[in-house]
Amino acid sequence: MTKEELTAWALGNGWVMIAGNPSLTKPSAPKEAIVRLVLKATVANLEVKKPAGKWEKVGGESYNKIIPDEQDGPPHGLGFQQVPSISMLMQENRDRMVFAKFGG
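Everything in the sequence shown is counted per this note's numbering, starting at 373 for the first residue and increasing by one.
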């Protein structure tokens, strides 16, 4: 995958841009990122915010080794399996975006 393809996948699956990075937020704090993709020139890193406020890298790979999921799930190679609640968090973020559109 390319940086652009990864960004498009993320934004199409509930992620939002926060501080220049595709990010997921807590439902109770929709302005604060807790999971983010740091997309550099040649590599992408998946990072999780620890309770103390520091970011911890849980996975990363060069773009040419990141493989899209066949069923539009998280791409393979970035360490999404290290974040057990990632699917639920993505769904909550997607739902919030959809309902925000209805609310005006």
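We put the CB at the ideal spot given by N, CA and C, even for glycine. Since the model is a prediction, treat every value here as computed from it, not as a measurement.
DSSP places residue 431 outside any alpha helix (DSSP H); the residue lies instead in the beta strand (DSSP E), whose first and last residues are 427-434. Going by beta carbons, residue 383 and residue 416 fall outside the 7 Å limit. For residue 419, the secondary structure class from DSSP, reduced to helix, strand or coil, is strand.
Here residue 399 is actually not in contact with residue 466; their C-beta atoms are around 11 Å apart, not less than 8 Å. Residue 408 and residue 389 have their C-alpha atoms roughly 9 Å apart. Under the three-state reduction of DSSP, residue 379 is assigned to helix.
Residue pairing by DSSP places residue 394 opposite 389 in a beta bridge. Nearest to residue 426 by alpha-carbon distance, out of 454, 452 and 404, is 404.
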